[in-house]
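Student: Throughout the sequence shown, residue numbering follows mature numbering (1 follows the signal peptide of the UniProt record, and there is no 0), covering -22 to -1, 1 to 415 in sequence.
Here's a structure for you.
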Amino acid sequence: MYFSILKGIYVAISLFGSLASSASVANRNISKAFTLQDKICSMKFDPKDGSYWRFFEQVTGFILPPYLDNYDKTPYTGFKFLRTYSFQPTSLNSETNLLMAFCSDGKVQWDLSVPVKQDIDWKKPLCVHIATETVETPQKKHFWAKILDIGKPPGIRKKSKKETAIADLDNFHCFKLARRKKYFNRNISLFFPGSWVGGIYFCDLTDESKRDLIRSMDDNLLLKEAGDFDFCTKTNAIPLMPLESDNYSKSWREYKSSKLLSFLGRIQEFRVTKYVPFLNTPNYPMQGLNVKTDKAPYPAMTTFTGKVLREQVMDIFHRSNSVTKAQDPWFTDIEVQENYCFSTQEERRLNKLLDQTRKTLDSISMSALNSARNFLSSSDCEQATDRTDRGARKLFNRLETKFWDHLPLYDKDLALMGSDDENLRQLDKKWKTLRLG
């Protein structure tokens, strides 16, 4: 009902705006107010999040009921990090990646997917080449087209991501994630939802440093396992935003089916991807940083010059609530290279809390089937709108427990950390109130 009212108001105001002298400006503002956000970029991972709720209240003077007024009213701008798990019925092992996305006004501007084994490698920078032009994916040729191409001279070879980046250094950028001291001394990074974990930094690299870094990457711009990754240091790291652990329970899954006719072919091509929110930055407008592509309404990301960017970043800090005269900046106690020193007493306190956390996670009673459903299943509304092959989905549902059994311990713990357990809530308080010198 409310969506019908919103639609009616939108149409009426749009018609009125077309008669006004400022029609184009009004229509742009109204259109933006009603634009749905990308799911990854919404505050609560719901594409219905948007500024149209506030717009509706301002125009009508009607206050929405509580169950509709629980959405964040400002489109999200910032960085999102998700763990993604891709499953196929033909293999019980999952393909795990860390997905980094930069959002502006609720829309993905660019993203980066990095394979991970268990925990992310905090030593490695996260580097991306932000293409200024959209590259069209070549369509697959059918059988007779391939036959006719026999004997013809080969076309121009498509450049790899590595070759494209090294020829366009201005649009190649690196970021570094750094943890706070109390979250550093641990084997794996498990954080309770809503914890201030650390910060994200922009690596202000010279062109020569960028070339050296790109040379150490593969053709897909992924850093190799071995190597020296000290490219982002105290001297060139620019703090961007604080980093917070996300709500792991706001996960969802998406399906990718095949158009093949045979059931066996559809099963082989069928894929389920589970998206688990992991880390994020606060919702804060960062237009001055220009961390964008030309899909954004303001200028595209251009050459980063250290001086200009530092001025932009510090201007944001001084305009935000995180930096005041009586309070140090949020990044004061964070070491970008995580070169922390611990006293004997600090190590003792940390190890005690880590042991307590490990024992609590081990003692939580969750059956394999319930755990699998909590981790791999989606809500009824998501499944009802999905049109994926029903036969392949039924097979996947039968294999959920098997998939759960083959998940690494880290990912099982991550699923538990998002559960509502009294013992975990007590531990959450202990971690958030822990103070180290």
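For glycine and all other residues, C-beta sits at the position ideal for the given N, C-alpha and C.
On a predicted model such as this, the values are computed, not experimentally measured, just so you know.
Note down the Cα distance separating S138 from A145, rounded to an integer number of angstroms.
Tutor: Their Cα atoms are separated by approximately 11 Å.
Student: Indicate whether Q15 and P53 have their beta-carbon atoms separated by less than 8 Å.
Tutor: Yes; because the gap between Cβ atoms is below 8 Å, this pair is in contact.
Student: Taking its Cβ as the centre, do 16 or more other Cβ atoms sit within 10 Å of Q404, making it buried, or is it exposed?
Tutor: It is exposed - the Cβ of Q404 has fewer than 16 other Cβ atoms within 10 Å.
Student: For R158 versus L332, is the C-beta distance shorter than 8 Å?
Tutor: The answer is no: Cβ separation not under 8 Å.
Student: Return yes when the Cβ of L168 is within less than 8 Å of the Cβ of L377, no when it is not.
Tutor: Contact flag unset, no.
Student: So what's residue 435 in DSSP terms, helix, strand or just coil?
Tutor: Residue 435 lies beyond the range of the chain shown here (-22 to 415); nothing can be said about it.
Student: What does L387 pair with, by DSSP beta-bridge criteria?
Tutor: Its beta-bridge partners do not exist; DSSP assigns none.
Student: Is it true that the stretch 220 to 233 meets the stretch 187 to 197, where meeting means three or more beta-carbon pairs spaced less than 8 Å apart?
Tutor: With the cut-off at 8 Å, the stretch 220 to 233 and the stretch 187 to 197 do not touch.
Student: Identify whether W409 lies in helix, strand or coil by the three-state DSSP scheme.
Tutor: W409 falls in the helix class under three-state DSSP.
Student: Return helix, strand or coil for L257, following the three-state DSSP convention.
Tutor: DSSP places L257 in strand when its eight states are reduced to three.
Student: If we count the other Cβ atoms within 10 Å of its Cβ and call it buried at 16 or more, is H384 buried or exposed?
Tutor: H384 comes out exposed.
Student: Looking at the unbroken beta strand (DSSP E) that takes in K188, where does it start and where does it end?
Tutor: No beta strand (DSSP E) contains K188, which is instead part of the alpha helix (DSSP H) from 185 to 193.
Student: Going by the beta-carbon positions, is the gap between K140 and D197 smaller than 8 Å?
Tutor: In contact: K140 and D197 (Cβ atoms closer than 8 Å).
Student: Can you name, in chain order, every residue of its own chain whose Cβ lies under 7 Å from the Cβ of Y179, other than the five neighbours on each side?
Tutor: Cβ within range, chain order: F153, K154, A156, C210, A215, I216, P217, L218, V314.
Student: Do you know how far the Cα of L201 is from the Cα of K101?
Tutor: Rounded to whole angstroms, K101 to L201 spans 11 Å at the Cα level.
Student: Excluding the 5 residues preceding and the 5 following Y388 in the sequence, name in chain order all residues of the same chain whose CB lies nearer than 8 Å to its CB.
Tutor: These residues qualify, in order along the chain: Q96, D97, I166, L168.
Student: State the Cα-Cα distance for the pair W308 and H107, rounded to the nearest angstrom.
Tutor: The straight-line gap from Cα to Cα measures roughly 28 Å.
Student: So, with DSSP's three-state summary, where would you put residue 417?
Tutor: The structure shown has nothing for residue 417, since the chain only spans -22 to 415.
Student: Give a yes or no on whether the C-beta atoms belonging to C105 and L257 are separated by under 8 Å.
Tutor: No, Cβ-Cβ distance for C105 and L257 is not below 8 Å.
Student: Look up V161 in the DSSP assignment and say whether it is helix, strand or coil.
Tutor: Looking at the sequence provided, one finds Tyr at residue 161 rather than Val. Reduced to three states, the DSSP call for Y161 is helix.
Student: Can you tell which of S321, P103, F374 has the C-alpha that lies nearest to the C-alpha of D208?
Tutor: Measuring from the Cα of D208, the nearest candidate turns out to be P103.
Student: Exposed or buried, which one is I312 when buried takes at least 16 other CB atoms within 10 Å?
Tutor: The residue in question, I312, is buried, as its Cβ has 16 or more Cβ neighbours within 10 Å.
Student: Is the CB-CB distance between L394 and E324 below 8 Å?
Tutor: No. Outside cutoff.
Student: Hey, how far is the Cα of Y233 from the Cα of K390?
Tutor: Taking the straight line from one Cα to the other gives about 22 Å.
Student: Tell me, to the nearest whole angstrom, how far the beta carbon of residue 432 is from that of F170; I am working on the premise that it is less than 8 Å.
Tutor: Nothing in the structure corresponds to residue 432, since the chain is present only between -22 and 415.
Student: With a Cβ-Cβ cutoff of 8 Å, do Y262 and W230 count as a contact?
Tutor: Their beta carbons are not under 8 Å apart, which means Y262 does not touch W230 by this criterion.
Student: In whole angstroms, what separates the C-alpha of T184 from that of E400?
Tutor: Distance between the alpha carbons of T184 and E400: 50 Å.
Student: Where do the N-terminal and C-terminal ends of the beta strand (DSSP E) with L104 fall, by residue?
Tutor: 104 to 107 is the extent of the beta strand (DSSP E) around L104.
Student: Rounded to a whole number of angstroms, what is the C-alpha to C-alpha distance between S69 and K212?
Tutor: Near 44 Å, if we compare the C-alpha coordinates of K212 and S69.
Student: Classify S29: buried if its beta carbon has 16 or more other beta carbons within 10 angstroms, exposed otherwise.
Tutor: At S29 the pLDDT is 45, less than 50, meaning the model places this residue with poor confidence; the figure from the coordinates comes in the next sentence. Burial call: buried.
Student: Kindly identify the DSSP beta-bridge partner or partners of C210.
Tutor: Paired residue(s): none; C210 is not in a bridge.
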